[in-house]
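Contents: one structure, followed by commentary.
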Amino acid sequence: MPELPEVETVMRGLEPHMIGRKINHVEQRRADLRFPFPENFPTRLMGAEIISLSRRAKYILVQLDSGESWMIHLGMTGRFTINAAGDVKASSGQAGHNSWPLAEPHDHVIITLDDGGRVVYNDVRRFGYMDLFATANELDHPSLANIGPEPLSDKFNTKQLANAIQKKKSAIKSVMLDQAVVAGLGNIYICEALWRSNINPKTPANKISTKRLSLLVDVVKEVLSDAIAAGGSSLKDYRKADGELGYFQHQWDAYGKEGEECGKEGCDGIIQRFTQSGRSTFYCPKHQK
DNA sequence: AGACGTACCTGACCGC
DNA sequence: TGCGGTCAGGTACGTC
Numbered sequence: 067m068p069e070l071p072e073v074e075t076v077m078r079g080l081e082p083h084m085i086g087r088k089i090n091h092v093e094q095r096r097a098d099l100r101f102p103f104p105e106n107f108p109t110r111l112m113g114a115e116i117i118s119l120s121r122r123a124k125y126i127l128v129q130l131d132s133g134e135s136w137m138i139h140l141g142m143t144g145r146f147t148i149n150a151a152g153d154v155k156a157s158s159g160q161a162g163h164n165s166w167p168l169a170e171p172h173d174h175v176i177i178t179l180d181d182g183g184r185v186v187y188n189d190v191r192r193f194g195y196m197d198l199f200a201t202a203n204e205l206d207h208p209s210l211a212n213i214g215p216e217p218l219s220d221k222f223n224t225k226q227l228a229n230a231i232q233k234k235k236s237a238i239k240s241v242m243l244d245q246a247v248v249a250g251l252g253n254i255y256i257c258e259a260l261w262r263s264n265i266n267p268k269t270p271a272n273k274i275s276t277k278r279l280s281l282l283v284d285v286v287k288e289v290l291s292d293a294i295a296a297g298g299s300s301l302k303d304y305r306k307a308d309g310e311l312g313y314f315q316h317q318w319d320a321y322g323k324e325g326e327e328c329g330k331e332g333c334d335g336i337i338q339r340f341t342q343s344g345r346s347t348f349y350c351p352k353h354q355k
């Protein structure tokens, strides 16, 4: 499912329900997602208090007072649903509180907290995965050790980007998908950022001028910030609805707009779609040169 | 090292 | 209605 803004939104949605809570019970409903669950996964979570949540790239990290961190990657279709403490769910047919719905298809992990609330992980395609590791060793985790800077931090800047791609002859679209270059971007936001910065996705990465890289850096930050803001406002609606955290309504300029008129001011191009490293790229051939 | 391609999995959708 | 092909927001791993 998700790129950085969606993961950030999910994490922020989980925070108020999880921080300071103790994990009373963990139901692990299958042996693996994309990879096997870590050894004794439920036991290692149970009894622990949740100290804080954070995000690195597209990973959610949950810091526990046991000294371990619970790492979650949502893959393509991972979602969390919150059954907040005190909510009464009628669908189970049982009267009274804590009467939660039965597990739905593709619910793989069900966490029960000490206030009676639940956090349910659902993942249709099972490209997501989870791990547990000593919090002190976070920087050494194989999934986290080799990823690039957070795009919203100062560590992602023109100099860093120019340096990271100076030897890369591949198309800029494919290069920006590389999590070692910059963390957290995915297919949609790269299409959007290139559209906003007028860069043709086919351009060899090392052929882009410093001036245009500088614009790209600014635009990436802008696109992600806008999306996080949209996700934040959508969180209010999740509370009212069924507690599901995941995608939110968002309007794209290029992604998914094949055949439509380019919405860039003063541009009368038509958005086209083609395939790059196995993924769909959407762009406007008229203003993305 | 870089630059590919392939694999992992389910479901939605489209044309016949 | 059914069936096969294609596509989907990600990443690890194999090969050249």
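For the first sequence, the numbering used here begins at 67 and goes up steadily by one.
Beta carbons are placed, not taken as given, at the ideal position from N, Cα and C, and that holds for glycine.
Note that the structure is a prediction, hence the values are computed from the model and not measured.
Contact under 8 Å by Cβ, residue i with residue j
i    : j    : result
I256 : M242 : yes
P270 : K239 : no
T143 : F314 : no
Q342 : A237 : yes
T147 : G298 : no
D334 : E258 : no
T224 : L279 : yes
L251 : R122 : no
K323 : I337 : yes
Y195 : F101 : yes
L99  : R192 : yes
S263 : L281 : yes
A151 : D131 : no
N203 : Q232 : no
Residue i - partner residues in DSSP beta bridges
i    : result
W136 : V128 and L198
V92  : I177
S291 : Per DSSP, none; premise fails for S291.
E327 : I336
R122 : Y125
DSSP state of residue i mapped onto helix, strand, coil
i    : result
G298 : helix
P217 : coil
R87  : coil
I117 : strand
A237 : strand
N272 : helix
L279 : helix
G250 : coil
P82  : helix
Y349 : strand
D284 : helix
P71  : helix
D308 : coil
G332 : coil
D98  : strand
E204 : helix
L243 : helix
D303 : helix
A156 : The predicted position of A156 is uncertain, since its pLDDT is 46 and thus under 50; no value can be drawn from it.
The alpha helix (DSSP H) enclosing residue i, as first and last residue numbers
i    : result
L368 : Because the chain here runs from 67 to 355, residue 368 falls outside it and cannot be looked at.
N188 : First-last for N188: R184 to D189, but that is the beta strand (DSSP E), not the alpha helix (DSSP H).
R110 : F107 to L111
N229 : T224 to I231
A211 : P208 to A211
Nearest-angstrom beta carbon gap, residue j and residue i [assumed within contact, 8 Å]
i    : j    : result
L119 : L80  : 6 Å
I116 : R87  : 5 Å
P217 : K277 : Between K277 and P217 the Cβ distance is about 19 Å, and since that is not below 8 Å, they are no contact.
S199 : E134 : This sequence places Phe at residue 199; Ser is not what is there. Right, the Cβ-Cβ distance comes to about 6 Å (below 8 Å), so this counts as a contact.
D189 : H207 : With a Cβ gap of about 20 Å, D189 and H207 do not count as contacting.
V73  : L140 : 6 Å
F340 : V283 : Rounded, the Cβ-Cβ distance is 25 Å, inconsistent with contact.
Residue i, enclosing beta strand (DSSP E) - first and last residue
i    : result
S343 : No beta strand (DSSP E) holds S343; DSSP gives it neither H nor E.
G144 : G144 to N149
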